[in-house]
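Asks: Here it is, the structure in full.
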Amino acid sequence: MDRMPASHLAPPATGTIQTIASKLAPRTAATQLVARKRILDTLQLADGAKLVLVRAPAGFGKTSVLVEHFHALQRAGIATAWLTLDAGDNEVARFIAHMLAAFGAVDPSLAQATMSSDAPEAGMPVAAMHLVQQVSAQTAPFALFVDNLDVIHNTTVLGMLRMLLDTLPIHGQMLICSRATPDLGLARLRAHGHLLEIGATTLRFSVDEARELLRDRGALTLSEDQVGRLHQRTEGWAAGLWLAALALRERQDPDTFVASFTGSSADVADYLLDDVLSRQPDPTRRFLIDISVLDDLRPAPCDVLTGRNDSRELLSTLERSGLFIVPQGQGRDSWRFHPLFREFLQAQLGAAEAAALHAAASRWHAAQGQPVPAIEHAIRGGLNDIATELLAQHAEPLLWEGRVRLLGRLFDSLPAAVRCGLAPQLALIFGWMLIFTQRYGEALALIERLESLPAATDDLAVITKAQRALLLTMTWQLDGAKAIWEQTLGQIPAATQPFAHGLQHSSYAFCLIATDRFDSALEAAAAGMPSHHRTGSSFNIALAACLESEVHLTQGRAGQAIERARAVLSTGTAHPGQHVSGSTVAAAFLADALYAANELPEAKRLLDTYLPMISDIGSPEQIITSYRCLARIALQEDNPARATALLNALEAIGARHAMPRIARSVWIERSRIAVLGDDAEAAAVALRHAQESGCREIGDGWATGADDVDSLQIATLRLQVHASGASAALSLLRDAIRDAEGRGRLRRAHQLRILLALALQLSGDLPQALRCLRVALTFAEAGRLMRSFADEGPAVLRLLSKLRPGAELETNPPLKTESEHPMPLIDALTGTETKVVRLVAEGQGNKLIAQQLCVSEATVKTHLRSINSKLGATNRTHAVALARRLGLLGAG
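Structure, rendered in C-alpha cells:
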C-alpha cells in the first residue's frame, strides 16, 4: 500500500501565544496636538454608559481622544486597561490572551493567575470564563479601552466582546475605537441608555481648534481667511489639517498652496502624502517605500529588506520628524506607519518590486521560526509556490493544534485557482479545515474533486472517504456516515495518519450511540484515543472523552455525565499545544448535563462564556443543545425576549449552513413553549413547521443527544396530551416508553413517563397518574434528572405537588438559591396581592386573574411585581412556594 510521507507526522508546534506588550498600552505618539476639551468633558460625564463608542473614518483623532481620556482617568485614580487590536486578534486564542493581559492592569491577580500557566493557549477558554467572572465581580470603578476594533471580523471574537459588555458591573465601562459600526448589540444598549456614541461630526475640528493646530502647534503664520479656507476644505478632518500643516512648513507662499488645496478627503490625503514624500532625500524615500510591505517596522527586517544596517537610527529620526511613523511599545524597538501613509507608499511599488520584498520578508520570518507571517508575506507577494510550500510544512501542526480559523484565513488568502490546484496532501488539510469551520458545501466540492483524481494513492483514497464520512455525520446523514466508517475500519493507519485514525473512531462512536450500541461506541472511542493524544488535538481528545458523558445522560445518569464532562473540562486544557476548541466541546457537553440535573446557574455561566466559541467550532448537536438550554434558562428567568432571540439566532445558524436539522429543532422547541403557554394553535403551527423543515429522516432507530428527549415524536405526543387528546395518547405513550426502554434510552423513557402521568390525570385517573409520577420521581432522584419535570410545564409541577408537597420547588428552583440570598424581612401583602398569589397557585394566567378581579392585565402585572419584591421571589412559581412556606396561602 502506498503511504503518505512521514514528514507530515512531526509533532505539533507547542509554542505558547506570546502577548505583545506594545498592544497593552496607549500609543505614545497618539497624544493630542490640540486639547479637545468639549469631547473630554463629554467623556467625563459619561460614567453611566456601559459602552463609549468612538466611531469615525481614519485620521479623525479617535485614538488621540481616548488616550487623553485614559490618562485623565489614571490621574483621577480610576483603574484602566488598554488593548490595541490587530488583524491577528481574529484568532480567538490570541484575542483572549491579550484581553486577559490587558485586564491584568485592573486586576493584577488575574493576570498572574492566567499567564503563569505552562500552556496559556490551552487555558484560554477557562481563563476567558475566569475573566468574565472577574470583570463582573469588580467592586471599584474601572475602564477598559479597546482600539482598532474595525480590524476584527471573527464573529466569535465579537461575541466575546458582547459577553464582556453584558457582564460589566454598573461602575465598569468599555471604550472602543472603530472605523466601522461594530456588531455589539448597539440598538439594545442605545435603547437602555447604556451607549455614548462619538462620531465623525463630533470629532471634526472646529475653526478655533483648526486655528490652534495650524498656528500654535504647526508654528505657521496664516491669516484668518487662510485658516478658514483650510478648515472648510478639510471639513475639520484632523489628519488633513495636520498634513496641510506639514506641507506648509516648506512653502514660501502659503496663500497659493491654500488656494490650490481642493478635492475630497482621499484626494487631499494622496496629494499631501505625495508632497511630503517628494521632499525626502532619495535614500530615505527608497527606505520608506521598501519597508512599507512590513506590518511591524522592526530594525532587523528593515535592515534585511533595504540592505542597510542603521534602520533603528533612521526610524527614530523619522519618528521625531513627524513623518507618520508611530512607535509601538516602550522599548523603542518597533514602529508602524500611519495606515494612509503606508497605503500610499505601497502604491509606489511595482509588482515585481513588491514580490521581491515580500519574498525577503517571508524568508526572514521563516528563519525566525515564524511560519504564519512568512506564509502571509508570500501570499501578499503573489508568491504562491512559496506560500503553498510553507503551508505544506506547517499546516498540519496548526490543524493538530485546532487553529482552524487561522488556517481558513491563510487558505482563503490564496487565489481560487491555487486552492483548486493544491497538492492532494495539502488539499486534505484544507478539507479538514472546511469541515471544522462548518463550510460543508465547499468541503463536499473538494472531496468530490479528490475522489475524481485518476492516480490517487491508497492513503489518499481512504482519507478522502474519512472526510466524506465526517461531513455526512455533521450534516445529519448518519446512515451514510456509519456505512463508510464500517467500510474503512482498519484501513486508516494509526502510525502514519493519526489525525484521521482518531477522528474515524470518534465519529463512528457517535454513529453507534445514535443506533443504541452504547458499549460498542465506548470501545470505538477508546480505540481512537491514543491517536488523539499523539496529535495533541484538544477537540478530538475532548470529543472522544465526552461521548462517555453522552452515554451516561442518554441512559439517565446525569450525575455521572456531569462528573465525566467536568473532568474533561478541567484536564483538557492542561495538555500542551491545545487550542480553545477542546474546552469548548467539553463545556457544551457539561452544560447539557448540568441543565438536565437542574443546576441552572452553572450551566448558564458556562454557556454565557462558551456560546460564541460553540457557535464557531461546535458540531450541530452541540450548537442545538447549547442554544436551547440557554433559551430555556432565559424563560426560567422570566426573560422571554432573550429566549426568542436565542432561538432566532439558532435558526439563522441553520439557515446559513443549510442545516434543516437545526431548523427542525428550533420549531420543536417553539412548539414546546407554545404548549406550555396554553397556546395549542401556535404549538400545532410550530410542529407543522418542524415536520416541513426539510430535515432528512433516517429512521426510527436513530437518535442523538440533541433530540433524545426533544424529538418530533415526543413533541407530537406532548401537543396531543395538552390539546384534549390525553386519553387517545395513553396507548401511544406506553408503546413509546416500552420502545425507549428496550433501546436502553432510559432518559427518553423517563420523559415519556412524565407525559404519561399528565395524560392519566387529564383522563381522570389521578391515582394511576400519581403512581406513574412516583416512578418517574424515584428515577429522576437517582439519576439527578430533576429538570425533566419543569420542562413539561406548570401542569406537571402541580401534579408533582400532589404527590409530594414542595417537590415542585425542588424541580423548578429559582436561579439564585435562598441559601445564597437569605430571605429578607417582608412587608405584608395587601388583600388583593394575596388573592393574586392564590390564583397563581391555582395555575391561573394573567388574563384569567384580571377577569376574576375585574382589573386590567397591566394591573395584575403590577401586583405580581410588588409580590415578587416583597417576598424576594424571582418568578411567579418561586413566589407561590415562598408564600406557601410563609403561611400566606391559608384559607381566606
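Letter 114 of the sequence shown, counting from 1, is numbered 116 in this note's numbering, and no numbers are missing. Using N, Cα and C, we set each Cβ at its ideal position, and we do this for glycine too.
1. Going by DSSP in three states, glutamine 175 sits in which element: helix, strand or coil?
2. Starting from glutamate 199 and walking both ways along the beta strand (DSSP E), at which residues does that stretch end?
3. Drop a sphere of 10 angstroms on the beta-carbon of threonine 586, count the other beta-carbons inside from all chains shown, and report buried for 16 or more, exposed for fewer.
4. Taking the beta strand (DSSP E) that alanine 145 falls in, what are its first and last residues?
5. Could you please give the first and the last residue of the uninterrupted alpha helix (DSSP H) stretch that includes arginine 322?
6. Where leucine 216 and valine 229 are concerned, what is the direct C-alpha to C-alpha distance, given to the nearest angstrom?
7. Is it the case that the Cβ atoms of valine 54 and alanine 81 are separated by a distance below 8 Å?
8. Just to confirm, is the Cβ distance from serine 508 to alanine 546 under 8 Å?
9. Could you name the residues of the same chain whose beta carbon sits closer than 8 Å to that of isoleucine 381, not counting the 5 residues immediately before and after it, in chain order?
10. Between the beta-carbon of glutamine 330 and the beta-carbon of tryptophan 337, is there less than 8 Å?
11. Quick one: Cα of alanine 799 to Cα of tryptophan 478, how far?
12. Looking at leucine 408 and glutamate 601, is the spacing between their C-beta atoms short of 8 Å?
13. If you follow the alpha helix (DSSP H) that isoleucine 655 is in, where does it begin and where does it stop?
14. Where does phenylalanine 207 fall in DSSP's three states?
15. Just the C-alpha distance for alanine 708 and serine 667, rounded to the nearest angstrom, thanks.
16. Any idea which residues DSSP pairs isoleucine 327 with across the strands?
17. For the ligand HEM, I want to know if valine 842 counts as a neighbour, meaning its beta carbon is within less than 7 Å of at least one of the ligand's heavy atoms.
18. Does the Cβ of asparagine 650 have 16 or more other Cβ atoms within 10 Å, making it buried, or fewer, making it exposed?
19. Note down, in chain order, each residue of its chain lying with its Cβ closer than 7 Å to the Cβ of alanine 560, except the 5 sequence neighbours on either side.
20. Among Asp305, Asp481 and Ser24, whose alpha-carbon lies nearest the alpha-carbon of alanine 104?
21. Once you ignore the five residues that flank serine 729 on each side, which residues in its own chain have a CB closer than 6 Å to its CB?
22. Rounded to whole angstroms, what is the Cα-Cα separation between alanine 797 and valine 839?
23. How should lysine 39 be labelled, buried or exposed, when 16 other C-beta atoms within 10 angstroms of its C-beta is the threshold for buried?
24. Find out if the Cβ-Cβ distance for the pair isoleucine 494, threonine 466 is shorter than 8 Å.
25. How big is the Cα-Cα spacing for serine 267 and phenylalanine 207?
26. Using only the alpha-carbon positions, how far apart do aspartate 895 and cysteine 631 sit?
27. Looking at histidine 71 and leucine 45, is the spacing between their C-beta atoms short of 8 Å?
28. Is aspartate 185 buried or exposed, if buried means 16 or more other CB atoms sit within 10 Å of its CB?
29. Going by beta-carbon coordinates alone, are glycine 746 and aspartate 518 separated by less than 8 Å?
30. Between the Cα of leucine 243 and those of Ser572, Glu859 and Gly63, spot the shortest distance and give me the residue it belongs to.
31. Is it a yes or a no for the segment 688-696 touching the segment 672-679, going by three-plus beta-carbon pairs under 8 Å?
32. Going by Cα to Cα distance, which pick from His367, Arg698 and Ile327 is closest to alanine 660?
33. Roughly how many angstroms lie between the CA atoms of valine 570 and glutamate 444, to the nearest whole one?
34. Alpha helix (DSSP H) containing tryptophan 366: first to last residue?
35. Which residues share a DSSP beta bridge with alanine 81?
36. Tell me the DSSP bridge mates of threonine 86?
Replies: Taking the geometry as given:
1. As a first step, residue 175 must be located in the sequence shown, where it is residue number 173. Three-state result, glutamine 175: strand.
2. Working through the sequence shown from its first residue, we reach residue 199 at position 197. Glutamate 199 -> beta strand (DSSP E) spans 197-200.
3. Stepping through the sequence shown from its first residue, residue 586 is reached at position 584. Buried, since its Cβ has 16 or more Cβ neighbours within 10 Å.
4. Along the sequence shown, read from residue 1 onward, the residue named residue 145 stands at position 143. That run of the beta strand (DSSP E) goes 144-149.
5. Against the sequence shown, residue 322 aligns to sequence position 320. Note, arginine 322: alpha helix (DSSP H), 313-322.
6. Looking up residue 216 in the sequence shown gives position 214. Looking up residue 229 in the sequence shown gives position 227. If I take the Cα positions, the gap works out to 8 Å.
7. Sequence index remark: in the sequence shown, residue 54 carries index 52 (1-based). Sequence index remark: in the sequence shown, residue 81 carries index 79 (1-based). No, Cβ-Cβ distance for valine 54 and alanine 81 is not below 8 Å.
8. Counted from its first residue, the sequence shown places residue 508 at position 506. Counted from its first residue, the sequence shown places residue 546 at position 544. Cβ atoms of serine 508 and alanine 546: closer than 8 Å.
9. As a working mapping, residue 381 is identified with position 379 in the sequence shown. Correct list, in chain order: Ala389, Leu412, Ser415 and Leu416.
10. Sequence index remark: in the sequence shown, residue 330 carries index 328 (1-based). Sequence index remark: in the sequence shown, residue 337 carries index 335 (1-based). Yes, the pair counts as a contact, with Cβ atoms nearer than the cut-off.
11. Counting from 1 along the sequence shown, the entry for residue 799 is found at position 797. Counting from 1 along the sequence shown, the entry for residue 478 is found at position 476. Per the sequence shown, residue 799 should be read as leucine rather than alanine. Cα to Cα, the separation comes out at about 35 Å.
12. Position 599 of the sequence shown holds residue 601. Position 406 of the sequence shown holds residue 408. Not in contact: glutamate 601 and leucine 408 (Cβ atoms no closer than 8 Å).
13. Position 653 of the sequence shown, counting from 1, holds the residue named residue 655. Start and end: 642-658.
14. Here residue 207 refers to the residue found at position 205 of the sequence shown. Correct three-state label for phenylalanine 207: coil.
15. Counting from one through the sequence shown, the residue named residue 708 turns up at place 706. Counting from one through the sequence shown, the residue named residue 667 turns up at place 665. Approximately 8 Å between the Cα atoms of the pair.
16. Taking the sequence shown and counting its residues from 1, one reaches residue 327 at position 325. Answer by DSSP bridge pairing, in chain order: Phe339.
17. For the structure depicted, the ligand HEM is absent and the ligand set is empty, with no information on it obtainable.
18. Here the question's residue 650 lines up with position 648 in the sequence shown. When all chains shown are included, asparagine 650 counts as exposed.
19. Taking the sequence shown and counting its residues from 1, one reaches residue 560 at position 558. Counting only Cβ-Cβ distances below 7 Å, and skipping sequence neighbours, we find Ala595, Ala598, Ala599, Gly785, Arg786 and Leu787.
20. Walking along the sequence shown from the start, residue 104 turns up at place 102. Nearest of Asp305, Asp481 and Ser24 to alanine 104, Cα basis: Ser24.
21. In the sequence shown, residue 729 corresponds to position 727, counting from 1. So the qualifying residues of the chain are Ser765.
22. One-based indexing of the sequence shown puts residue 797 at position 795. One-based indexing of the sequence shown puts residue 839 at position 837. Looking at the two C-alpha atoms, the distance is approximately 17 Å.
23. To locate residue 39, count along the sequence shown from 1; it is residue 37. Classification for lysine 39: exposed.
24. Translated into the one-based positions of the sequence shown, residue 494 becomes position 492. Translated into the one-based positions of the sequence shown, residue 466 becomes position 464. Their beta carbons are not under 8 Å apart, which means isoleucine 494 does not touch threonine 466 by this criterion.
25. Walking along the sequence shown from the start, residue 267 turns up at place 265. Walking along the sequence shown from the start, residue 207 turns up at place 205. Residue placement at serine 267 is poorly supported in this model, since its pLDDT is 37, which falls under 50; the coordinates are not used for a value here.
26. Residue 895 cannot be examined here, being either before or after the span of the chain that is shown, 3 to 894.
27. Counting from one through the sequence shown, the residue named residue 45 turns up at place 43. Counting from one through the sequence shown, the residue named residue 71 turns up at place 69. Yes. Within cutoff.
28. Counting from 1 along the sequence shown, the entry for residue 185 is found at position 183. It is exposed - the Cβ of aspartate 185 has fewer than 16 other Cβ atoms within 10 Å.
29. Here residue 746 corresponds to residue number 744 of the sequence shown, with the count starting at 1. Here residue 518 corresponds to residue number 516 of the sequence shown, with the count starting at 1. Contact flag set, yes.
30. If you number the sequence shown from 1, residue 243 lands on position 241. Answer by Cα proximity: Gly63.
31. yes
32. The residue you call residue 660 lines up with position 658 of the sequence shown. If we check each option's Cα against that of alanine 660, Arg698 comes out closest.
33. Your numbering for residue 570 matches position 568 in the sequence shown. Your numbering for residue 444 matches position 442 in the sequence shown. Going from the Cα of valine 570 to the Cα of glutamate 444 covers about 32 Å.
34. Numbered from 1 along the sequence shown, position 364 holds the residue referred to as residue 366. Start and end: 353-369.
35. For the purposes of this step, residue 81 is taken as residue 79 along the sequence shown, with counting starting at 1. Paired residues: Phe144.
36. As a first step, residue 86 must be located in the sequence shown, where it is residue number 84. Beta-bridge pairing links threonine 86 to Asp149.
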